[in-house]
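Visitor: One structure, pasted below without further comment.
Number of protein chains: 2
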Amino acid sequence: MMILVENLNYVVDKELNVYESVDILIKKENEKTKIVIGKNLLEKENLNKKDLKIIDGKNKCAMPGLTNTHTHIPMTLLRGIADDMILQNWLNDKIWPNEAKLTKEDVYYGSFLGGLEMLRFGITSFNEMYFFSEEILGATKEIGLKGVISFPIIDFGTPESKDLNKLLKMAEKFIKKHKDEKIVKPAIAPHAPYTCSKETYTTCKEIADEYNTLLHTHISETRYEVVEMENNIKMRPIEYLENIGVLDSNVIGAHCVWITKDEVKKLAKHNVKVSHCPGSNMKLASGGVMPLVEMLNEGVKVSIGTDGPASNNNLDILEEMKITALLHKAHRWDPTVGDIDTVLKMAFDSEILGFENNDIVLLDLNAPHLRPVNNIKSNIVYSANGNDVDTVIVNGRVLLENKKFIFGDKFLNNIYKKIGKIKEKFN
Amino acid sequence: MMILVENLNYVVDKELNVYESVDILIKKENEKTKIVIGKNLLEKENLNKKDLKIIDGKNKCAMPGLTNTHTHIPMTLLRGIADDMILQNWLNDKIWPNEAKLTKEDVYYGSFLGGLEMLRFGITSFNEMYFFSEEILGATKEIGLKGVISFPIIDFGTPESKDLNKLLKMAEKFIKKHKDEKIVKPAIAPHAPYTCSKETYTTCKEIADEYNTLLHTHISETRYEVVEMENNIKMRPIEYLENIGVLDSNVIGAHCVWITKDEVKKLAKHNVKVSHCPGSNMKLASGGVMPLVEMLNEGVKVSIGTDGPASNNNLDILEEMKITALLHKAHRWDPTVGDIDTVLKMAFDSEILGFENNDIVLLDLNAPHLRPVNNIKSNIVYSANGNDVDTVIVNGRVLLENKKFIFGDKFLNNIYKKIGKIKEKFN
Chain B
260 MMILVENLNY VVDKELNVYE SVDILIKKEN EKTKIVIGKN LLEKENLNKK
310 DLKIIDGKNK CAMPGLTNTH THIPMTLLRG IADDMILQNW LNDKIWPNEA
360 KLTKEDVYYG SFLGGLEMLR FGITSFNEMY FFSEEILGAT KEIGLKGVIS
410 FPIIDFGTPE SKDLNKLLKM AEKFIKKHKD EKIVKPAIAP HAPYTCSKET
460 YTTCKEIADE YNTLLHTHIS ETRYEVVEME NNIKMRPIEY LENIGVLDSN
510 VIGAHCVWIT KDEVKKLAKH NVKVSHCPGS NMKLASGGVM PLVEMLNEGV
560 KVSIGTDGPA SNNNLDILEE MKITALLHKA HRWDPTVGDI DTVLKMAFDS
610 EILGFENNDI VLLDLNAPHL RPVNNIKSNI VYSANGNDVD TVIVNGRVLL
660 ENKKFIFGDK FLNNIYKKIG KIKEKFN
Chain P
260 MMILVENLNY VVDKELNVYE SVDILIKKEN EKTKIVIGKN LLEKENLNKK
310 DLKIIDGKNK CAMPGLTNTH THIPMTLLRG IADDMILQNW LNDKIWPNEA
360 KLTKEDVYYG SFLGGLEMLR FGITSFNEMY FFSEEILGAT KEIGLKGVIS
410 FPIIDFGTPE SKDLNKLLKM AEKFIKKHKD EKIVKPAIAP HAPYTCSKET
460 YTTCKEIADE YNTLLHTHIS ETRYEVVEME NNIKMRPIEY LENIGVLDSN
510 VIGAHCVWIT KDEVKKLAKH NVKVSHCPGS NMKLASGGVM PLVEMLNEGV
560 KVSIGTDGPA SNNNLDILEE MKITALLHKA HRWDPTVGDI DTVLKMAFDS
610 EILGFENNDI VLLDLNAPHL RPVNNIKSNI VYSANGNDVD TVIVNGRVLL
660 ENKKFIFGDK FLNNIYKKIG KIKEKFN
């Protein structure tokens, strides 16, 4: 069924054009979802009300779906389990021991919770990396979000298997199985240069190339890993990845904080995509600031990720947009960087994940903090938060309406109950 | 009428104790509002249901009212009018010319909007500085918030009067008139050392001392003002304020970014209160970071302010708590600073403004991003935002319930309409 959103106060489209007092029509053409923006669409498009789902756009603003290009959604389960700790203690004492207790079923429910959180906050596409990928992909499809679900590889193993070769085979099988799905895409995720060997990276790259998927990896998140590599092999992580032939246009690198201008040029040269995770980087105090301005100047495609909810501690890209803007202004003592248009483009760019952004998010402007509207784009970036999202339409399907999930309260309460049960095993 | 909140999942009190599965009773004793926390209060306190307003606390967390210790709420009107600009251009080209157009009535409606926004976000007390103080105080009382409304003084005048002596007289009259009010308190606000002379500061200090009010002022927000003063009089702002006898326990200084360790010691010595405004400082890119850790180590009382919504661009202290934590961790490369307890104490400390914190804010935990609850204090600081506030009880009065203002939609729509009208005069 076609969807008509009538009488919207504002629309911001993915090219950042702003419209006032318009309608949006969401229709299917040859299996593809198309968005039409204009005045009086009911007449102009010659529509019949009975063929339409009609949504009232009064006191609302429409914008494209938001994208979260680096996350670990099952870590919702570990939200708040450890904060304000030194990274190594956080991992060794809290995160890893508790992760080891997670079953496939736990990961499924954690993914469902994370998916619901993203949907609630207007995120319609995301790039995931966590073990038990099959369960994450299943939850993503059930909710109806667009997800790149990347199968994580670590040389010393994951809870899925301690055997590297087995993991690589499982990853390939996972990709083969799901490569032709419509709204979810499988991918492969060698964890990071300090946890994966050269052979692991090159095998992953071959698999990504063969099946035409993304290769999702952590790059230069902390000083420690950079210094270690410099000491051991006299190369920095991006030099190394270039050297072993991994840098390419199907690579998406998360963090990229501790990189030089020369490394920025290499990212641009090989058309590597970057996921910037400012909230997580600040919270873990990994130090430094990702060179956003230098990357954009060189033409690197940069988008925004929340990272996992154990280090953020939510999946709110509206919040992350503001943090992005504030961090770079403060870092450079220059209020003109991290400007509204720059961060909006980063947050709308689902094409980085291979998804066309034909999703629509409505924000509820009936809130004191979103009044007046002197500049709707400013209100989105600097004043709004995830809870202002009112309605979310993914691929032509309404998944959230009037701030309510289509799944119903009973279903939700069951999820919350399962989640409450899982947390009892942590310490 | 007494209020009983039954079956709360969690309560965090102002000493940061955490309770599970308890009730809260809010009662009046000798005109004072008292909070009782415990299990089965209906029986224990021998209460009769018909004497009570009963609120269901299921799936909710209660916490004290939040405090916003530096703001300019009528600037809601200018929200989003200018962003991503160099401070001097922002002020000269956008803020000052448009502020000059504001009438008393505009400021009244802007204050009402700002007050509603703070109430929606669980802020029950605030420290204000803006011209047409009488109108701000009126709106604050109508809403029912606790406000310190400080009358601003600038040597070259404000829209209230261009004559400094007249302004000082008006300030004194304003303070005399309102000094015995219950939930609002008048105060005096010499703007900053670079806009007020020594004589202005000392006169303001005399008025503050005589009427037992706060003296609210900006201190060392930007490098520029510090360097100017060092060049001109060989003193830094806090040295100067000490030298002229202004530093004292009734002074609340906003920003205090560009200050030395020696100046931190002076703040501690004179028991000056500090309002930290990290979001605004980052957005305006004033550079540097307020020395929070040094201040706390010296025993300075530090709280959190949003600053005006033109430079933030909202009044969300829950958001500002997270920004505070992230900024200091990132700044010091140390995740243990800006920890949960530190920022919660800052946000609950309404005593800095002379208000006992006997207010109660309920957060709605029926949201994916607030599940599971591994640590309720972590969820408040790192996962929640202002819209998660469900119910606000100020001084024993319910002002927001189930996310709805007691004022009703018709009233609200009228405010929004007025605000929409006012913005037409800006350019």
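Quick mapping for you: the protein sequence lines, in order, are chains B and P.
To convert, count from 1 in the first sequence and add 259; that's our numbering.
To convert, count from 1 in the second sequence and add 259; that's our numbering.
Heads up, the beta-carbon is just placed ideally off N, CA and C, and yes, glycines get one too.
DSSP has Asp-282(P) in a bridge; who is on the other side?
Guide: Looking up residue 282(P) in the second sequence gives position 23. BP columns for Asp-282(P) point to Gly-297(P).
Visitor: Label Ser-562(B) either buried or exposed according to how many other C-beta atoms from any shown protein chain fall within 10 Å of its C-beta, with 16 as the threshold for buried.
Guide: Position 303 of the first sequence, counted from the start, is the residue given in the question as residue 562(B). So Ser-562(B) counts as buried.
Visitor: Out of Phe-614(P), Gly-655(P), Ile-611(P) and His-628(P), which one is the CA nearest neighbour of Val-620(P)?
Guide: In the second sequence, residue 620(P) corresponds to position 361, counting from 1. Measuring from the Cα of Val-620(P), the nearest candidate turns out to be Gly-655(P).
Visitor: Here's the rule I'm using: 16 or more other beta-carbon atoms within 10 Å means buried, otherwise exposed. How should Ala-359(P) be labelled?
Guide: If you number the second sequence from 1, residue 359(P) lands on position 100. Per the 10 Å Cβ criterion, exposed.
Visitor: Strictly under 7 Å for the Cβ-Cβ distance: is Met-322(P) near chain B by that measure?
Guide: Against the second sequence, residue 322(P) aligns to sequence position 63. Answer no: the Cβ-Cβ gap between Met-322(P) and chain B never drops below 7 Å.
Visitor: Going by the beta-carbon positions, is the gap between Val-510(B) and Val-531(B) smaller than 7 Å?
Guide: Stepping through the first sequence from its first residue, residue 510(B) is reached at position 251. Stepping through the first sequence from its first residue, residue 531(B) is reached at position 272. Cβ distance < 7 Å, so Val-510(B) and Val-531(B) count as in contact.
Visitor: Apart from the five residues just before and just after Pro-537(B), which ones in its own chain have a Cβ nearer than 6 Å to its Cβ?
Guide: Within the first sequence, the letter at position 278 stands for residue 537(B). Ile-582, Thr-583 and Leu-586.
Visitor: Determine the chain P residues that contact Pro-496(B) at a beta-carbon separation under 9 Å, and present them in chain order.
Guide: Numbered from 1 along the first sequence, position 237 holds the residue referred to as residue 496(B). Chain P residues near Pro-496(B): none, gap ~19 Å exceeds 9 Å.
Visitor: Between the segment 381-391 of chain B and the segment 324-344 of chain B, are three or more C-beta pairs nearer than 8 Å?
Guide: A contact exists between the segment 381-391 of chain B and the segment 324-344 of chain B.
Visitor: Going by other Cβ atoms of all chains shown within 10 Å of its Cβ, with 16 needed for buried, is Trp-349(B) buried or exposed?
Guide: Looking up residue 349(B) in the first sequence gives position 90. Buried.
Visitor: Grab me the residues of Glu-376(P)'s own chain with a C-beta within less than 6 Å of its C-beta, minus the 5 sequence neighbours each way, in chain order.
Guide: The residue labelled residue 376(P) in the question sits at position 117 within the second sequence. Same-chain partners within the cutoff: Leu-574.
Visitor: At which residues does the beta strand (DSSP E) containing Gly-512(P) begin and terminate?
Guide: Along the second sequence, read from residue 1 onward, the residue named residue 512(P) stands at position 253. Segment 510-514, the beta strand (DSSP E) holding Gly-512(P).
Visitor: Please tell me whether, using a cut-off of 6 Å, the distance from the CB of Pro-418(B) to the nearest non-hydrogen atom of the ligand PLP is below it.
Guide: You won't find the ligand PLP in this model; it holds no ligand whatsoever.
Visitor: Using 7 Å as the limit for Cβ to Cβ distance, is Thr-383(P) near chain B?
Guide: Counting from one through the second sequence, the residue named residue 383(P) turns up at place 124. No, Thr-383(P) does not count as interfacial toward chain B.
Visitor: Got a sec: which bits of the segment 471-485 of chain P sit with their beta carbon under 9 Å from any beta carbon on chain B, in order along the chain?
Guide: Going along the segment 471-485 of chain P in chain order, one finds Arg-482 with a Cβ nearer than 9 Å to chain B.
Visitor: Pull up the distance between the alpha-carbon of Asn-424(P) and that of Ala-527(P), whole angstroms please.
Guide: Taking the second sequence and counting its residues from 1, one reaches residue 424(P) at position 165. Taking the second sequence and counting its residues from 1, one reaches residue 527(P) at position 268. C-alpha separation (whole angstroms): 32 Å.
Visitor: Residue range of the alpha helix (DSSP H) that Glu-553(B) falls in?
Guide: For this step, residue 553(B) is matched to residue 294 along the first sequence. Unbroken alpha helix (DSSP H) run through Glu-553(B): 551-557.
Visitor: Chain B partners of Glu-364(P), CB-CB under 9 Å?
Guide: The residue you call residue 364(P) lines up with position 105 of the second sequence. What Glu-364(P) touches in chain B: nothing, since even the nearest Cβ is about 15 Å away.
Visitor: For Thr-462(B), report the span of its alpha helix (DSSP H) as first-last.
Guide: On the first sequence, position 203 is the one that residue 462(B) refers to. Residues 457-470.
Visitor: Measuring CB atoms only, is the segment 478-486 of chain P touching the segment 448-462 of chain P, in the sense that at least three cross pairs come out at less than 8 Å?
Guide: Touching, per the Cβ criterion.
Visitor: May I have the straight-line CA-CA distance separating Glu-484(P) from Val-552(B), to the nearest angstrom?
Guide: Indexing the second sequence from 1 puts residue 484(P) at position 225. Indexing the first sequence from 1 puts residue 552(B) at position 293. The straight-line gap from Cα to Cα measures roughly 28 Å.
Visitor: Give a yes or no on whether the minimum CB-CB distance between Ala-544(P) and chain B is below 7 Å.
Guide: For the purposes of this step, residue 544(P) is identified with residue 285 of the second sequence, where counting begins at 1. Closer than 7 Å: yes.
Visitor: Rounding to the nearest angstrom, what Cα-Cα distance links Lys-428(B) and Phe-410(B) in this structure?
Guide: Position 169 of the first sequence, counting from 1, holds the residue named residue 428(B). Position 151 of the first sequence, counting from 1, holds the residue named residue 410(B). The straight-line gap from Cα to Cα measures roughly 11 Å.
Visitor: Report the three-state DSSP secondary structure of Gly-406(P) (helix, strand or coil).
Guide: Taking the first residue of the second sequence as 1, we reach residue 406(P) at position 147. Strand, per DSSP.
Visitor: Where does Lys-303(P) land, buried or exposed, given buried means 16+ other C-beta within 10 angstroms?
Guide: For the purposes of this step, residue 303(P) is taken as residue 44 along the second sequence, with counting starting at 1. With fewer than 16 other Cβ atoms within 10 Å, it is exposed.
Visitor: At 9 Å on the CB atoms, spell out the chain P contacts of Ser-642(B), in chain order.
Guide: Counting from 1 along the first sequence, the entry for residue 642(B) is found at position 383. Going along chain P in sequence order, the residues near Ser-642(B) (Cβ under 9 Å) are Arg-338, Gly-339, Pro-568, Asn-571, Asn-572, Asn-573 and Asp-575.
Visitor: Verify the CB distance criterion: does His-514(B) have a CB-CB separation below 7 Å to chain P?
Guide: The residue you call residue 514(B) lines up with position 255 of the first sequence. No, His-514(B) does not count as interfacial toward chain P.
Visitor: Work out the CA separation of Glu-683(P) and Met-488(P) for me, nearest whole Å.
Guide: As a working note, residue 488(P) is residue 229 in the second sequence. As a working note, residue 683(P) is residue 424 in the second sequence. One C-alpha to the other measures close to 39 Å.
Visitor: In chain order, what residues of the segment 342-353 of chain B put their CB closer than 8 Å to some CB of chain P?
Guide: Listed by position, the residues of the segment 342-353 of chain B near chain P (Cβ gap below 8 Å) are Asp-342, Asp-343, Met-344, Ile-345, Leu-346 and Trp-349.
Visitor: Do Gly-406(B) and Leu-325(B) come within 7 Å of each other at the CB atom, strictly closer than that value?
Guide: One-based indexing of the first sequence puts residue 325(B) at position 66. One-based indexing of the first sequence puts residue 406(B) at position 147. Cβ distance not < 7 Å, so Leu-325(B) and Gly-406(B) don't count as in contact.
Visitor: Quick one: any contact between the segment 645-663 of chain B and the segment 605-624 of chain B, if contact means 3 or more CB pairs under 8 Å?
Guide: Result yes; three or more Cβ-Cβ pairs closer than 8 Å.
Visitor: With a cut-off of 7 Å, does the C-beta of Ser-637(P) fall near any C-beta of chain B?
Guide: One-based indexing of the second sequence puts residue 637(P) at position 378. At least one chain B Cβ lies under 7 Å of Ser-637(P).
Visitor: Please classify Arg-379(B): does DSSP put it in a helix, a strand, or coil?
Guide: Here residue 379(B) refers to the residue found at position 120 of the first sequence. Note: Arg-379(B) maps to helix in three-state DSSP.
Visitor: Do three or more CB pairs link the segment 672-680 of chain B to the segment 625-640 of chain P at distances below 8 Å?
Guide: Yes, they touch.
Visitor: Ser-534(B): buried (16+ other C-beta within 10 angstroms of its C-beta) or exposed?
Guide: Within the first sequence, the letter at position 275 stands for residue 534(B). Buried is the call here.
Visitor: Figure out for me which residue from Gly-679(B), Val-270(B), Asp-593(B) and Val-505(B) has the closest Cα to the Cα of Ile-447(B).
Guide: Residue numbering aside, residue 447(B) sits at position 188 when the first sequence is read from its first letter. Of the listed residues, the one whose Cα sits closest to Ile-447(B) is Val-505(B).
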